[in-house]
Structure formats: structure tokens, C-alpha cells
Amino acid sequence: MDGGEENTELYRAIYRAVRDTIRATVRTAFHGVVLLSIGAFGVAIVGLTATAFLDGSATQATPFAGLFGFAATAFVGNDLYRRGTADSFSTGP
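If you're matching positions, the sequence shown starts at 80 in the working numbering and goes up one per residue.
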């Protein structure tokens, strides 16, 4: 063995490590953007509901619709966050 084969294996290992790190970083960033979008949507629903309620133009069902939207957003956001966190530490292909 002249050392060339060992270097090739080393380069492959370094390449895989860098590739997996980049993938995990991109995946984590994507999940962060998704969570921020979902959070902003939930805040918008609650804000619109509160505004309508304070203006006096809301029916009795409007606050409940806002609370339901907020709860659904929190549930979906939490689920995506857990999956995103688990995926971001994955080293698989």
C-alpha cells in the first residue's frame, strides 16, 4: 500500500462529514423558517380576532375561532419542531 488508498478513504470520510453537516444545517434552517411562518400565522389569527372583538363587530364565535386557530398552530408547530429537531441530528443519507 503506497498511502494513496488511505488518503482516498480519508478524503471520502471528510467529504461525507462535511456533506452531512451541510445537510443538517440546511434542514434545521428550513424547519426554523417553517416554525416562524406558522407562529406568525397563529399570531395573525389571534390579532385579527382580538381586533374584531375590540371593535365590537365580532360575533360570539369569533374569539373561539381565534383560540382554535392558535391551538391548532401551536400543535402543528410543536410537531414540526420535534420532527425537525430529530432530523437535524441525523447523519444518514
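For each residue, glycine too, the CB sits at the ideal point set by N, CA and C. Values in this document were obtained by computation on a predicted structure and should not be read as measured data.
>> Using a Cβ-Cβ cutoff of less than 6 Å, which residues in the same chain neighbour Phe147 once the five nearest sequence positions on both sides are dropped?
In response: Shown here for Phe147: not one same chain residue has a beta carbon closer than 6 Å to its own, the five before and five after excluded.
> Taking the alpha carbon of Phe154 as the point to measure from, which residue in Leu114, Asp99, Thr87, Arg98 has its own alpha carbon closest?
Replying inline: Checked all of Leu114, Asp99, Thr87, Arg98; the closest Cα to Phe154 is Leu114.
> Can you tell me whether DSSP reads Tyr94 as helix, strand or coil?
Replying inline: Tyr94: helix per DSSP, three-state reduction.
> Just how far apart, CA to CA, sit Glu85 and Thr100?
Replying inline: The alpha-carbon of Glu85 is positioned some 23 Å away from that of Thr100.
>> Checking 9 Å against the spacing of the C-beta atoms, do Gly121 and Thr152 come in under that value?
In response: With contacts defined as CB atoms closer than 9 Å, Gly121 and Thr152 qualify as a contacting pair.
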